[in-house]
Amino acid sequence: MNALITISVLAVLVLYLGLYKANKALLPVTLLGLAVALFFTINHWNVFTGPTFNDMMSYDNFAVAFSGITITSTMLILLLSKGYFEKISDHVAEYYSIILFSLAGILVMVSYHNMTMLFIGIEIMSVSLYILAGIRKQDFASNEAALKYFLMGAFSTGFLLFGVALIYGAAHSFDLEAIKMHLETNLQTGQAISPLFYTGVVLMAVGMAFKVGAAPFHFWTPDVYEGSPSLITAFMSTVVKTAGFAAFLRLFATCFYPLHDFWMPVILVITIITLFAGNITALYQNNFKRMLAWSSISHAGYMLFAIVSLGSEASYGVFVYAIAYSAASIIAFAGLVLMQANTGSDSFDSFNGLGRKNPFLAFTLTVAMLSLAGIPLTAGFIGKFIMFSNALSSMHTWLVVLAVINAVISIFYYFRVIVAMYFKDAERAELEIPLNFKVVLAISVVATILIGIWPAFLPNVI
Amino acid sequence: MQDIVKTIQGVPLNHYILLSAIIFSIGVTGVLIRRNAIVIFMSVELMLNAVNLLLTAFSAFSNDPAGQVFVFFIMALAAAEVAVGLAIIVMIYRNTNTIDINVMNRLKW
Amino acid sequence: MEAQSTAINYLPIIFQILVALGFAVGTMAVTHMIGPKRKTSDKLTPFEAGIKVVGNARQPFSVKYFLVAILFVLFDVEVIFMYPWAVNFRELGSTGMIEMFIFMGTLLLGFFYIIKKKALDWD
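Chains as they are written, first to last, in the working numbering: chain W, 223 to 684; chain B, 1488 to 1596; chain G, 911 to 1033.
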């Protein structure tokens, strides 16, 4: 709770700092505030006694774990933003404060205990993101991204809300625990569950699938990710995606768990379509940013595994996968931002010959690509391993077979970057890497390799 | 207050569900087939209002105020969404002089 | 009122709708049919207080108060949170009072921001 208050107050503070022309102080104050919020979050670990605030929020270990990842990823992304926003727009303070507002929404999303808070969290996050996507007012791609994101986001919110309304009609409550109790008592006493409830579950699944960008509701993702400014895309594809999955998992793993047999096939179909759509389309991309967008769709497919199989390891699996994916994506986007700033291009060819001129950057990008592809000794492998073993233990053998085929496909497009960096020669100047980029790259690479070599380093916090 | 609840309960619940479902479907159809950003936006609002109606009906039938409180939140957040959405549409109008979403095809999948 | 009303109870309403629609459509049709028609170019131009009509009426014009309108929508809707508070003012007591003041304070912070950003200046 303290973390949420800290971030909300921080956002307003940053807004007013910008008003009084204290632009130098923006980044330090933001990072400091986020560090305080992270401290409060960690302080909450293992002190969970029950839902608080009239049963609206529950700060259990699940919430602590995902708040921790999202706050840390935001800090890393904001570290990269030094000097970045100044180039795009005059309203630098607004950037920081909108990102912080969005983060406040995300914290609500990962710790809700009532459908009302789920809705409020998603909306606070989404409305901020619509603005962030379109913040380059003169740029046509950015405008288009904002409009598409806005229309699709509002549309999916409609589905989500209709689902909530139908579930409320059947269970007479918005409280997750009460809805679960309603399901359990009905199943035990053999009473039929109202058809409203089934429709509601499907509509909510559709709404959440829209939000996390799972196929067949993924079509907005590549356009929005490509049109938004690169750092905002980094924020969307790491922090927002993690939060979306945390919310998705909390809803389906705790609340709708008794109806697992009903909704599991639906999610299963979504998972398989997502995997294939993401991976096969990513193969045909020539633009690095767009490839990352499609690969983020395919990673959404892997994370859906946790919701399909829902074993004891489901939350832990999403936790590890989200860390691995976030760290690797942050490296990839840092490389992309550097490349765009120096060459103005984001095609694969612009990476040619990078291995000779910038060995450090090339090495970190290689680690990131290996981790995204799920090669052993990286965090991505551990994430996939937990997901797959979890799915195997719940008898989804052929799902795992399909997923492994997809993992093999994904190697092709991730290795294109590595091949371009090391085996293609091009005349190029050495990129100058600012210190803050070096720090972020180093942290992310160390995390990726450390988790890959020694998974026990990451305690099972959930 | 009790009179209003009684009046709402005067109509069978199924009628409310059907009406909301129809309004919601009109909204969904509008989003899918119209090409004007403002009209799409209005259709989304229609979807949200169908939800509001449904929540109010359920709330009255189960004598539980939580549903109506939820409606308040939907209204307030829909207003926030309207503000941001209209700002985005105006921004696009200033750059392109149109609000037809077919011009939004620079980014292709 | 009875506990449940059936479709038959709505019959008067349907009649009323039919009569209302019928009256509107009927009078319009009848006036079109029996009224005299004289079509000259002067009659067909819109009457603009005697001044000659210039340009098309259907062209977009700049809306200076667009921002003000949007901000109005935002602040206007927040009032709905005050109605439940006002109704339950006594029951909620001082806790409710403090919470409402925090809410209002947050809104005021936004309002000061808007004023400082000169979003309410029209020119």
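Glycine included, every Cβ here is placed at the ideal spot set by N, Cα and C.
- Residues are counted here when their Cβ sits less than 7 Å from a Cβ of chain B; for the segment 986-998 of chain G these are Val987, Glu988, Ile990 and Phe991, given in chain order.
- In this structure, serine 551 (chain W) keeps its C-beta atom at 9 Å or more from the C-beta atom of methionine 561 (chain W).
- Looking at W:Ser459, W:Leu241, W:Phe439 and W:Val423, the one whose alpha-carbon comes closest to that of histidine 482 (chain W) is W:Val423.
- Excluding residues up to 5 positions away in sequence, Ser1530, Val1531, Leu1533, Met1534 and Ala1537 lie with their Cβ nearer than 7 Å to the Cβ of glycine 1514 (chain B) in the same chain.
- Nearest neighbour of serine 569 (chain W) by Cα position, chosen from W:Phe510, W:Val622 and W:His618, turns out to be W:Phe510.
- Within chain G, no C-beta atom comes less than 9 Å from the C-beta of leucine 383 (chain W); the nearest is roughly 17 Å away.
- Secondary structure within the segment 281-365 of chain W: the alpha helix (DSSP H) runs of 4 or more consecutive residues, fully enclosed, are 283-302, 306-310, 314-332 and 337-355 (chain order).
- Assigned with DSSP and collapsed to three states, serine 569 (chain W) falls in strand.
- In this structure, the CA atom of isoleucine 1504 (chain B) is about 32 Å from the CA atom of alanine 934 (chain G).
- Membership of serine 666 (chain W) in the alpha helix (DSSP H) is indicated by the continuous run 657-675.
- Of all residues in the segment 1505-1520 of chain B, those with a C-beta nearer than 8 Å to a C-beta of chain W are Ser1507, Phe1511, Gly1514, Val1515 and Val1518, reading in chain order.
- A Cβ-Cβ distance of about 6 Å is found for the pair alanine 469 (chain W) and leucine 340 (chain W), placing them in contact under the 8 Å criterion.
- At a cut-off of 9 Å between beta carbons, phenylalanine 1557 (chain B) makes no contact with chain G.
- Within chain B, the C-beta atoms nearer than 7 Å to that of asparagine 365 (chain W) come from Met1578, Ile1579 and Asn1582, in chain order.
- A residue is called buried when at least 16 other Cβ atoms come within 10 angstroms of its Cβ; tyrosine 318 (chain W) meets this threshold and is buried.
- Residue contact with chain B for lysine 359 (chain W): present (Cβ-Cβ distance below 9 Å to some residue of chain B).
- At a cut-off of 9 Å between beta-carbon atoms, glutamate 345 (chain W) makes contact with chain B.
- If you look at asparagine 628 (chain W), you'll find it in the alpha helix (DSSP H) that goes 619-645.
- Histidine 404 (chain W) is positioned such that its CB atom lies no closer than 9 Å to that of alanine 414 (chain W).
- With contacts defined by Cβ atoms closer than 9 Å, methionine 331 (chain W) and tyrosine 281 (chain W) do not form a contacting pair.
- Between the segment 299-306 of chain W and the segment 269-279 of chain W, the count of C-beta pairs closer than 8 Å stays below three; the two stretches do not touch.
- Counting the other Cβ atoms within 10 Å of the Cβ of tryptophan 620 (chain W) gives fewer than 16, which makes it exposed.
- In this structure, methionine 525 (chain W) sits away from methionine 591 (chain W), with a CB-CB distance that is not shorter than 9 Å.
- Under the 9 Å criterion on CB atoms, leucine 1017 (chain G) is classed as non-interfacial with respect to chain B.
- Comparing C-alpha distances from tyrosine 636 (chain W) to each of W:Ala678, W:Thr503 and W:Val683 shows the shortest one belongs to W:Thr503.
- When Cβ pairs closer than 8 Å are counted between the two stretches, the segment 477-496 of chain W is seen to touch the segment 426-438 of chain W, the count reaching three or more.
- Here aspartate 1551 (chain B) carries a coil assignment [DSSP, helix/strand/coil].
- With at least 16 other beta carbons inside 10 angstroms of its own, serine 1507 (chain B) counts as buried.
- For the options W:Phe474, W:Leu325 and W:Phe396, the alpha carbon positioned closest to that of valine 231 (chain W) is the one of W:Leu325.
- When rounded, the separation of the alpha-carbon atoms in tyrosine 1580 (chain B) and isoleucine 980 (chain G) is 16 Å.
- Taking C-beta separations shorter than 6 Å and ignoring five residues to either side along the sequence, the partners of methionine 347 (chain W) in its chain run Ser324, Gly327 and Ile328, following chain order.
- Around the CB of glutamine 507 (chain W), 16 or more other CB atoms lie within 10 Å, so the residue is classed as buried.
- Taking all protein chains shown into account, phenylalanine 307 (chain W) has 16 or more neighbouring C-beta atoms within 10 Å of its C-beta and is therefore buried.
- By the 16-neighbour rule on beta-carbons within 10 angstroms, tyrosine 920 (chain G) is exposed.
- For the options W:Gly449, W:Ser537 and W:Asn682, the alpha carbon positioned closest to that of threonine 464 (chain W) is the one of W:Ser537.
- Taking 9 Å as the threshold, the shortest C-beta distance from histidine 313 (chain W) to chain B does not fall below it.
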